[in-house]
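Counting in the UniProt record's numbering, the sequence shown runs from 1 upward without gaps.
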Amino acid sequence: VMASMAHLQEEKLRLQEQLLGLQEKLAARENDELSLSLQLQGQVEALKAKLLEQAQEIGRLRSELGGTDVEKHRDLLAAENERLRQEMKTCEGELRELRRQQQAPCWDCAHLQENAGLQERLSQLQREAEEMRAKLGELDLEVQQKTNRLAEVELRLKDSLAEKAEEEERLSRRLRDSQETIASLKSQPQQIKYIIKTVEVESAKTKQALCESQSRNQYLQEQVGMQRQVLKEMEQQLQNSQKTEAQLRAQIMMYEAELERAHGQMLEEMQAMEEEKNHAIEEAFSRAQVEMKAVHENLAGVRTNLLTLQPALRTLTHDYNSLKRQVRDFPLLLQETLQSARAEISQAIEEVHSTNRELLRKYRRELQLRKKCHNELVRLKGNIRVFGRVRPITKEDGEGAEAANAVTFDADDDAVLHLLHKGKLVSFELDKVFPPQASQEEVFQEVQALVTSCIDGYNVCIFAYGQTGAGKTYTMEGTAANPGINQRALQLLFSEVRGKAADWDYAISVSAAEIYNESLRDLLGKEPQEKLEIKLCPDGSGQLYVPGLTEFRVQSVEDINKVFEFGHVNRATECTNLNEHSSRSHALLIVTVRGLDRSTGLRTTGKLNLVDLAGSERVGRSGAEGSRLREAQHINKSLSALGDVIYALRSRQGHVPFRNSKLTYLLQDSLSGDSKTLMMVQV
Numbered sequence: 001v002m003a004s005m006a007h008l009q010e011e012k013l014r015l016q017e018q019l020l021g022l023q024e025k026l027a028a029r030e031n032d033e034l035s036l037s038l039q040l041q042g043q044v045e046a047l048k049a050k051l052l053e054q055a056q057e058i059g060r061l062r063s064e065l066g067g068t069d070v071e072k073h074r075d076l077l078a079a080e081n082e083r084l085r086q087e088m089k090t091c092e093g094e095l096r097e098l099r100r101q102q103q104a105p106c107w108d109c110a111h112l113q114e115n116a117g118l119q120e121r122l123s124q125l126q127r128e129a130e131e132m133r134a135k136l137g138e139l140d141l142e143v144q145q146k147t148n149r150l151a152e153v154e155l156r157l158k159d160s161l162a163e164k165a166e167e168e169e170r171l172s173r174r175l176r177d178s179q180e181t182i183a184s185l186k187s188q189p190q191q192i193k194y195i196i197k198t199v200e201v202e203s204a205k206t207k208q209a210l211c212e213s214q215s216r217n218q219y220l221q222e223q224v225g226m227q228r229q230v231l232k233e234m235e236q237q238l239q240n241s242q243k244t245e246a247q248l249r250a251q252i253m254m255y256e257a258e259l260e261r262a263h264g265q266m267l268e269e270m271q272a273m274e275e276e277k278n279h280a281i282e283e284a285f286s287r288a289q290v291e292m293k294a295v296h297e298n299l300a301g302v303r304t305n306l307l308t309l310q311p312a313l314r315t316l317t318h319d320y321n322s323l324k325r326q327v328r329d330f331p332l333l334l335q336e337t338l339q340s341a342r343a344e345i346s347q348a349i350e351e352v353h354s355t356n357r358e359l360l361r362k363y364r365r366e367l368q369l370r371k372k373c374h375n376e377l378v379r380l381k382g383n384i385r386v387f388g389r390v391r392p393i394t395k396e397d398g399e400g401a402e403a404a405n406a407v408t409f410d411a412d413d414d415a416v417l418h419l420l421h422k423g424k425l426v427s428f429e430l431d432k433v434f435p436p437q438a439s440q441e442e443v444f445q446e447v448q449a450l451v452t453s454c455i456d457g458y459n460v461c462i463f464a465y466g467q468t469g470a471g472k473t474y475t476m477e478g479t480a481a482n483p484g485i486n487q488r489a490l491q492l493l494f495s496e497v498r499g500k501a502a503d504w505d506y507a508i509s510v511s512a513a514e515i516y517n518e519s520l521r522d523l524l525g526k527e528p529q530e531k532l533e534i535k536l537c538p539d540g541s542g543q544l545y546v547p548g549l550t551e552f553r554v555q556s557v558e559d560i561n562k563v564f565e566f567g568h569v570n571r572a573t574e575c576t577n578l579n580e581h582s583s584r585s586h587a588l589l590i591v592t593v594r595g596l597d598r599s600t601g602l603r604t605t606g607k608l609n610l611v612d613l614a615g616s617e618r619v620g621r622s623g624a625e626g627s628r629l630r631e632a633q634h635i636n637k638s639l640s641a642l643g644d645v646i647y648a649l650r651s652r653q654g655h656v657p658f659r660n661s662k663l664t665y666l667l668q669d670s671l672s673g674d675s676k677t678l679m680m681v682q683v
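Laid out in structure tokens, this is it:
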């Protein structure tokens, strides 16, 4: 009920706010009507000024009416008529002079002919004079008509001025009516009516002003209608609220009646409970009296039993005193027992510690021995190992007799490769040669020992080297169904890490870069086209690092594949005559493994560099031109520098030309020292 009353109070406040809003809107409407009345007064004043201007213009026209074109033309014709009259008078004088000079008739003389000509001219001039008189009469008539028309215009102007005065009076009356209507609207806001009158005037601006006033009145009428609608809705809401309030009051009265009824019931129940309580007290008192009587009887029996139990009590007291003495001596006995137990436990712990130290020493020795043996095994096989792999003939090699292998194998030695070149048999000796039928798994079996060296903390490089289209990318990446060295090495790496998880903590991170036209670029960065530089570490260790190279922490092979796919999109490839999708840059997938032995605190760091080199090619065969030609030149130069570095390392020369190429300079720490390098030559 209280919540309903609060809701009604909020509804009442909201209705009051709406009423205040309506009052503000009515005040705004009154301001609009006042501004409209002021605008109408301004329009009436403008009409008065317009009428004055028109009256002045008519007066000016009347003053200039004497100089119109018609009167000027009439004056010209009058001057021409006067000239013709003067000329006619001159001709008549000449004619009289000729008649006076004529003494005798002369029919054939020249004077007679001249006289006839003069008469004809005289008659012609007379006809022209008559025509001029007729024109002059017409002009006089036209002047008379224009004068009459001017009089009519003056009369109409007077009528128009009278009409304008009447219109002004009508507008004044309308203004007064509007003001009275506005006053009545202010006094009676519930019965607002607008009386719209149409006033026809001749001025276009006045019509436009009246149209604007009508549209404004219509807009105000719509606003008033909307306000009326809102007021009706609010009245409806107020009625609904009043109905709700009446219902709630009825409910309150009902609840009060129920409360009174519940109060009466509660009083009755309390009275009944009081009676029950008194009855229970009486029953308890009587029961307590009975129990008290029984207790007294039991107490008499107990007293009798106490008299009989005194000898037993003396015996128990004696036993208690003896036990008390034993308890007093128990702490000394317990302390002696604890000391002996501590000595025995300390001796056992010391023996366990010595045994653990001996086992830890043996474990470290075995760990070092295993690493040493594994490293010695890899060293015996060669820190720098060169494998050869011959790919099978494909349809791109052609068909027929020309599509044949250019190399042969030694059945007794799997490290020798023979090539028939210009009729001569040339032999090449490598660490191992894989024939075309060798599987990806067979190739990886020779590589997997290097992955173990990476986990032990050594740097490992695996290269795919060869001509464009020789199968480097297939050997390194393979396909989804038959993965290459990259996928198998990463799977073995994570398998070894999981196997050592009980004793070692490993953190694996991956970076992807490419060397394109001797420029190092980050394939995982936000700006793959940005060139990076190789610098020495500022800690004085002599190690190289690349500032700005992106490095991702990975937890599985799938994470590395996602990173590698992202970087593969940014790698530069191009179509040449030798390969439809020829790699135009050296792609490097750098996997860094950092390990911590939890038992010894030993830390290791190893790198696994998986490198897919750009395809070496002869410019004449690949068809490279322009920028492709420049790419091929950079590729061949860097591959030549890599070959020089591998040769210098295998022949143990004093100087190794790492700085001749960005590729060898970046991989310097993974090619020299105890690092392991595998060169997979694709043929």
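For glycine and all other residues, C-beta sits at the position ideal for the given N, C-alpha and C.
All values reported here derive from a predicted model rather than from experimental measurement.
Closest by C-alpha distance to residue i, when choosing among the options
i           : options                   : result
L420        : P435, A404 and A480       : A404
I515        : K562, R385, L667 and S172 : L667
S661        : N561, I560 and I534       : I534
L157        : L136, L52 and M254        : L52
I590        : I560, E167, E269 and F566 : I560
E442        : L649, F463 and P483       : P483
D505        : A481, Q229 and D597       : D597
A438        : E399, R389 and E152       : R389
residue 687 : S509, V407 and Q440       : Residue numbering for the chain in the displayed model covers 1 to 683; residue 687 lies beyond these limits and cannot be assessed.
P538        : P547, Q289 and N321       : P547
Cβ distance (whole Å) where residue i is taken to contact residue j below 8 Å
i    : j    : result
N517 : L610 : N517 to L610, Cβ: 22 Å. No contact.
G606 : Y458 : 5 Å
G471 : R584 : At roughly 17 Å, the Cβ-Cβ gap does not stay under 8 Å, so G471 and R584 are not in contact.
S599 : L360 : 7 Å
V447 : L602 : That pair is no contact at about 26 Å.
C461 : S675 : 7 Å
L34  : T244 : At roughly 40 Å, the Cβ-Cβ gap does not stay under 8 Å, so L34 and T244 are not in contact.
V465 : L613 : Reading off the sequence, residue 465 comes out as Tyr, not Val. The pair is a contact, with the Cβ atoms about 5 Å apart (cut-off 8 Å).
L588 : A513 : 5 Å
V681 : F494 : With a Cβ gap of about 28 Å, V681 and F494 do not count as contacting.
H586 : L663 : 5 Å
Q520 : L532 : Reading off the sequence shown, one finds Leu at residue 520, where the question assumed Gln. Contact flag correct, Cβ pair sits at about 5 Å.
Sheet register partners of residue i (DSSP bridge)
i    : result
A246 : Paired residue(s): none; A246 is not in a bridge.
S616 : Q467
P483 : G478
T677 : I384 and C461
I424 : Reading off the sequence shown, one finds Lys at residue 424, where the question assumed Ile. Answer by DSSP bridge pairing, in chain order: H421.
G595 : Y506 and T604
I515 : L520 and H586
N660 : Its beta-bridge partners do not exist; DSSP assigns none.
K535 : Y545
V416 : E429
V407 : L419
V611 : F463 and L588
F434 : R389
Q682 : R389 and G466
Opening and closing residue of the alpha helix (DSSP H) in which residue i lies
i    : result
Q668 : Q668 to L671
I560 : V557 to V569
L524 : L524 -> no alpha helix (DSSP H), and no H or E assigned at all.
V447 : Neither: V447 is in no alpha helix (DSSP H) and is coded neither H nor E.
I646 : S627 to R650
Limits of the beta strand (DSSP E) - the one that residue i falls within
i    : result
T473 : Taken as a continuous stretch (DSSP letters only), T473 belongs to no beta strand (DSSP E), being part of the alpha helix (DSSP H) at K472 to M476.
V554 : F552 to V554
Near the ligand ZN: residue i beta-carbon under 7 Å from a heavy atom
i    : result
G388 : Questions concerning the ligand ZN fall outside what the structure shown contains, since it holds no ligand whatsoever.
- Message: Taking contact to mean 3 or more Cβ pairs, one atom from each stretch, closer than 8 Å, check whether the segment 487-495 and the segment 632-640 are in contact.
- Response: no
- Three-pair Cβ contact test at 8 Å for the segment 449-461 versus the segment 427-436: The segment 427-436 and the segment 449-461 do not touch, with fewer than three beta-carbon pairs separated by less than 8 Å.
- Query: Would you call the segment 541-554 and the segment 518-531 in contact, with 3 or more CB pairs under 8 Å?
  - Reply: yes
- Task: Inspect the CB distances between the segment 647-662 and the segment 493-506 and report whether three or more fall short of 8 Å.
- Result: no
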